[in-house]
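Student: Residue numbering for the sequence shown follows UniProt numbering, starting at 2 and increasing by one per position. Cβ coordinates follow ideal geometry from the N, Cα and C atoms, glycine included. Every value quoted in this text rests on a predicted model; they were computed, and no experiment measured them. Here's a structure for you.
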Amino acid sequence: FRTGLSKYVFISRALRGESFSRGLSTQAGRLEGKVALITGAASGIGRETATKFINNGAKVVIADIQHQLGQYTAEELGPNASFISCDVTKESDISNAIDYTVSKHSKLDIMYNNAGVACKTAPSIVDLDLAVFDRVMDINVRGVIAGIKHASRVMIPQRTGSILCTSSVTGLMGGLSQHTYSVSKCAIIGIVKSLAAELCKYGIRVNCISPFAIATPLSVHEMCRLFPGIDGQRVIEIVQNSGALEGAICEESDVANAALYLASDEAKYVSGHNLVVDGGFTTFKSFGFPAPDAVKN
Ligand code: NAD
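Put into structure tokens, the structure is as follows:
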């Protein structure tokens, strides 16, 4: 099942000299004794974050709609990982995933609402497909709200917890992606502010991370739709060459490191924050994404 576009991510990792199987650290970590639930963790950013959390002492429940890949990921990450099938558009699935986590590990310290999708590009607002808009909002926005709702149900009586969400640079600046995805990611930043304001009185922190483009199945699929006929490996190179920071590319591990910080006690007084992981991209006028030259060369 590691077929299609996801294989390009693995190829990309191989080109960067990364190992596919990650050994679990036995050192005491920054999340020692913590329990995390991560949606969309069968792949990409969520998978990398699950790995990082486990390597830092956490127990992680992977919740994803991709049953087979989710099971495989949990097996690969070892005994501190488990998988539950979950479609974030179904409130009952989210509620079950939270209940499963608490019944397995007796508590929930970290809820990372990371699952998301990109979508077909409409050339103009005039062409916007509202059925697609509704579907994307269902996953990227309603799924996040449902995750926060059910995590809060457990965290409020605990009087502690860290809730994370994945937004995007496309939620900060117009013109980086099509409207539907941008609007969904902009909404996450609003959700974080609104929920942090309520949940602070229970000792619960709510934050989000806004990454730049990373070559995961989500972004590679979107680019293939934008530029049909371009080879998958070339698409990965375009994504990786579209950043602003000289000498570095944005990777899943950059987001996982941000999530590790926000989830840990090192961020014990950080709430309502949007941690932008973009190498400075959103600080200057955008040249558009991707740079037209990058596609031609
Ligand atoms: P990905 O495709 O590797 O991972 C997304 C995961 O979400 C997949 O495992 C998928 O099965 C899961 N998912 C999709 N719909 C779901 C549903 N209804 N219920 C449960 N799980 C579902 O992509 P990724 O890049 O790792 O994306 C993770 C998050 O990061 C998304 O919210 C995405 O919008 C955001 N993001 C990605 C980028 C990027 O360039 N890759 C940049 C900024 C933000």
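1. In the DSSP assignment, find the alpha helix (DSSP H) that holds A37 and state where it starts and stops.
2. Return the chain-ordered list of same chain residues with a C-beta closer than 6 Å to the C-beta of N141, the five sequence neighbours on each side being excluded.
3. On the premise that L177 lies in contact with C209, defined as a C-beta separation below 8 Å, what is that separation, rounded to the nearest angstrom?
4. Cβ of L50 versus every heavy atom of the ligand NAD: is any distance shorter than 7 Å?
5. Can you round the beta-carbon distance between T217 and G71 to whole angstroms, since I take them to be within the 8 Å contact cut?
6. Are the CB atoms of A260 and Y113 nearer to each other than 8 Å?
7. Applying the 10 Å Cβ sphere with the 16-neighbour rule, what's the burial state of L196?
8. Does G204 come out as helix, strand or coil in the three-state DSSP assignment?
9. Tell me where the alpha helix (DSSP H) around N97 begins and ends.
10. Once you ignore the five residues that flank H151 on each side, which residues in its own chain have a CB closer than 7 Å to its CB?
11. Which partner residues of M112 appear in the DSSP bridge assignment?
12. Within 7 Å: the Cβ of C201 and any heavy atom of the ligand NAD?
13. For L25 and P229, what's the separation of their Cα atoms in angstroms?
14. For the ligand NAD, is there a heavy atom less than 7 Å away from the beta-carbon of N141?
15. Look at the Cβ atom of A75, then the Cβ atom of T40, and state whether they are nearer than 8 Å.
16. Does DSSP put A82 in a helix, in a strand, or in coil?
17. For Q28, count neighbouring C-beta atoms within 10 Å of its own C-beta (all shown protein chains included) and say buried if the count is 16 or more, exposed if not.
18. Could you check whether S211 and S168 sit closer than 8 Å to each other, using their CB atoms as the reference points?
19. When every heavy atom of the ligand NAD is checked, does at least one fall within less than 7 Å of the C-beta of A214?
20. Go through its chain and collect everything with a Cβ distance to E267's Cβ below 8 Å, but skip five positions before and after it.
21. Just verifying my parser: in three-state terms, what is the DSSP assignment at P212?
22. Hey, is V61 close to the ligand NAD, as in C-beta under 7 Å from one of its heavy atoms?
23. Helix, strand or coil: how does DSSP classify N242 here?
Tutor: On the basis of the data shown:
1. For A37, there is no enclosing alpha helix (DSSP H); the residue is found in the beta strand (DSSP E) stretching over 36 to 40.
2. The residues are G117, S185.
3. The pair is not a contact, with the Cβ atoms about 17 Å apart (cut-off 8 Å).
4. Before going further, note that residue 50 is Thr rather than Leu in the sequence given. No, the Cβ of T50 stays beyond 7 Å of every heavy atom of the ligand NAD.
5. Here T217 is actually not in contact with G71; their C-beta atoms are around 15 Å apart, not less than 8 Å.
6. In this structure, Y113 lies closer than 8 Å to A260 by Cβ.
7. Around the beta carbon of L196, 16 or more other beta carbons lie within 10 angstroms, which makes this residue buried.
8. Looking at G204 - three-state DSSP - the assignment turns out to be coil, as it is neither helix nor strand.
9. Looking at the DSSP string, the run of the alpha helix (DSSP H) that includes N97 is 92 to 106.
10. Within its own chain, the residues whose Cβ lies closer than 7 Å to the Cβ of H151, once the five positions on either side in sequence are excluded, are I95, S96, I99, listed in chain order.
11. L38, I164, per the DSSP bridge assignment.
12. No, since every heavy atom of the ligand NAD falls outside the 7 Å radius drawn around the Cβ of C201.
13. Residue confidence for L25 is low, a pLDDT of 47 falling below 50, so the modelled location carries little weight and cannot support an answer.
14. Yes, Cβ of N141 sits closer than 7 Å to a heavy atom of the ligand NAD.
15. No, these two residues do not count as a Cβ contact at 8 Å.
16. Reduced to three states, the DSSP call for A82 is strand.
17. Here Q28 scores only 49 on pLDDT, less than 50, and its place in the model is too uncertain to base an answer on.
18. In this structure, S211 lies closer than 8 Å to S168 by Cβ.
19. Of the heavy atoms belonging to the ligand NAD, at least one sits nearer than 7 Å to the Cβ of A214.
20. Annotation for E267: R31 place their beta carbon closer than 8 Å to its own, counting only its chain and skipping 5 residues before and after.
21. In this structure, P212 counts as strand in the three-state DSSP scheme.
22. No, since every heavy atom of the ligand NAD falls outside the 7 Å radius drawn around the Cβ of V61.
23. The answer is coil: DSSP assigns N242 none of H, G, I, E or B.
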